[in-house]
Amino acid sequence: MAGVVAMRDNTHLFHMFVPRALHRRGMARRLWQAARDAAIAAGNTTGFTVNASLYALPLYARLGFVATGPKVEMDGIAFVPMRMALD
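Just so we're aligned: the sequence shown equals residues 83 to 169 in our numbering.
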């Protein structure tokens, strides 16, 4: 398996996982591009959100997401809310 990506309501990226052996090889970028393109084709005209794990913050920043608030901890899980606007 190369990875998993899942969107909610064509606007919220809620899962993206790539096996460690494939990190830093462009797989997450390709998964994101496929999910983004499908969401736009399905009618998303506003943009995307993600609750980024602290480990994944650099990846989401490289993909074009920006933080919309400080780190949040909910049920023992820390994340940073991020958003990407459509141009």
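The C-beta atom is built at its ideal place from N, Cα and C for all residues, glycine as well.
Inter-residue spacing [alpha-carbon to alpha-carbon] between residue i and residue j
i: Arg102; j: Ala124; result: 31 Å
i: Ala138; j: Thr127; result: 25 Å
i: Ala167; j: Val148; result: 9 Å
i: Gly108; j: Trp114; result: 10 Å
Residue i (DSSP reduced to helix, strand or coil)
i: Met109; result: helix
i: Ala143; result: helix
Residue i versus the options, residue with shortest Cα-Cα distance
i: His94; options: Ile159, Arg118 and Arg106; result: Arg118
i: Asn92; options: Val100, Met98, Thr131 and Arg106; result: Thr131
i: Ala88; options: Leu104, Ala121 and Met164; result: Ala121
Start-to-end residues for the alpha helix (DSSP H) that takes in residue i
i: Pro163; result: First-last for Pro163: Ile159 to Ala167, but that is the beta strand (DSSP E), not the alpha helix (DSSP H).
i: Ala84; result: Premise fails: Ala84 is in no alpha helix (DSSP H) and is neither H nor E.
Enclosing beta strand (DSSP E) for residue i [first to last residue]
i: Ala134; result: Gly129 to Ser135
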